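Asker:
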Amino acid sequence: KRTASANAEPSEKIQRVSLPVHSTNNSLSDLRKSESDFERKYKQLGLIGKGGFGSVYAGLRLSDSLQVAIKYADSKRVQGEVGCVPLEVVLMQKAGGGPEAVGKFAAVTLLDWYCLDQKLVLVMERPPFSLDLAQYIHFRGGRLQEDEARPLMNQLVNAAMEMYNRGVFHRDLKLENTLVEIGSAGPRLRIIDFGCGSYELKKNFRYFQGTLQYAPPEWFKHKMYKPIPTTVWQLGVMLYCMLHRCQFDTRVFSMDWIHFSSKLSRECLSFLHLCLEEECKKRATLERLRTHAWLSG
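In this note's numbering, the protein residues as written are -19 to 277.
(1) Would you please state the rounded distance, in angstroms, between the beta carbons of ILE28 and PHE109? I believe it to be under 8 Å.
(2) Is PRO66 helix, strand or coil by DSSP?
(3) Measure how close the beta-carbons of GLN337 and ASP229 come, nearest whole angstrom, since I'm counting them as under 8 Å.
(4) Measure from the alpha carbon of ARG246 to the alpha carbon of each residue in TYR22, HIS272, VAL48, then state which is nearest.
(5) Please list, in chain order, all residues of the same chain as ALA49 whose beta carbon is under 6 Å from its beta carbon, the five residues on each side excluded.
(6) Three-state secondary structure (DSSP) at ILE208?
(7) What ranges does the beta strand (DSSP E) occupy inside the segment 244 to 274, keeping only unbroken runs of at least 3 residues that lie completely in it?
(8) Checking the sheet assignment: what are the DSSP bridge partners for ALA53?
(9) Reducing DSSP to helix, strand and coil, say where LEU169 ends up.
(10) Examine chain B for any beta-carbon lying closer than 8 Å to the beta-carbon of LEU102, and answer yes or no.
(11) Three-state secondary structure (DSSP) at ALA38?
(12) Exposed or buried, what is GLU180 when buried is set at 16 or more other beta-carbons lying within 10 Å of its beta-carbon?
(13) Buried or exposed for ARG186, please, with buried defined as at least 16 other CB atoms from any protein chain shown within 10 angstroms of its CB.
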């Protein structure tokens, strides 16, 4: 469940971004508000997820039976100015490409979007044989061994770098926002839920959006955080949760009430400490994580 601090930005209103008309073919046209167009193209199936973000249903694209996920986000109706699109749409297009890029990037691809009955409706690819990373860990006994966690963390670091290079700060990286595709070539991770994201990569943020228990220490101390140090902190939280049978909370961690397993290797502990460095200026960069000895071990 996503939580936010008392100073968080209002979550009930979808953020919108004004874009030049020539820069997008996704302006809020009449087609984007057409329920008949949605029903002509997609068949909605059963509920597969529900939370503070809204609801997600399984579905099919009728033209080719492609499996899709259909997300409904509660909001006031997005205004209909030409060239004005919801921020989550913009971020998904930047991170995952358009409909022609299905499966190409770590972020899932946005196939289509609508504003229907005061809801934002996102139609996304639904990777077959997938479950979220929290469920994956649960089915593997509640925690992973280092050798199991290493390739997953390698993918997560690369995914974070890819999103940043494509102009996206996810802001809510966690196990539940990561899908695991189960295939013959090994698990492949995909990033979902860009509802808390931003395209401002150099900004000092003073409003928190995301899962409060995973917010970086600087938010609690100074009510300020930056994209790269926050992303690295959240990657560290994810790795900690992969390797331990316990929940993580930044406020508890800062009081030295969370400890590391004595079974972890020196290289793994080094990686974790670089991610979970309380001083954001001393925290590792994504590039440093990418070249860390533990990931290549």
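Heads up, the beta-carbon is just placed ideally off N, CA and C, and yes, glycines get one too.
Note that this is a predicted model, so its numbers are computed, not measured.
Answerer: Short version:
(1) Within the sequence shown, numbered from 1, the residue matching residue 28 stands at position 48. Within the sequence shown, numbered from 1, the residue matching residue 109 stands at position 129. Beta-carbon to beta-carbon, ILE28 and PHE109 are separated by about 14 Å, too far to satisfy the 8 Å threshold.
(2) On the sequence shown, residue 66 is found 86 positions in, with the first residue counted as 1. In the structure shown, PRO66 sits in a strand (DSSP, three-state: E or B).
(3) A question about residue 337 goes unanswered here, because the residues of the chain that appear run from -19 up to 277.
(4) The residue labelled residue 246 in the question sits at position 266 within the sequence shown. That would be HIS272, whose Cα lies nearest to the Cα of ARG246.
(5) As a working note, residue 49 is residue 69 in the sequence shown. Once the five neighbours on either side are set aside, the close Cβ partners of ALA49 are VAL36, MET104, ARG106.
(6) On the sequence shown, residue 208 is found 228 positions in, with the first residue counted as 1. In the structure shown, ILE208 adopts helical secondary structure according to DSSP, grouped into three states.
(7) Within the segment 244 to 274, no complete beta strand (DSSP E) run reaches 3 residues.
(8) As a first step, residue 53 must be located in the sequence shown, where it is residue number 73. Residue pairing by DSSP places ALA53 opposite LEU100 in a beta bridge.
(9) The sequence position of residue 169 within the sequence shown is 189, counting from 1. DSSP places LEU169 in the strand class (E or B) of the three-state scheme.
(10) Judged by its chain identifiers, the structure shown contains no chain B, having just a single protein chain.
(11) Translated into the one-based positions of the sequence shown, residue 38 becomes position 58. Correct three-state label for ALA38: strand.
(12) Position 200 of the sequence shown, counting from 1, holds the residue named residue 180. Here GLU180 is exposed, its C-beta having fewer than 16 other C-beta atoms within 10 Å.
(13) Taking the sequence shown and counting its residues from 1, the one referred to as residue 186 is at position 206. Answer is exposed; the Cβ neighbour count stays below 16.
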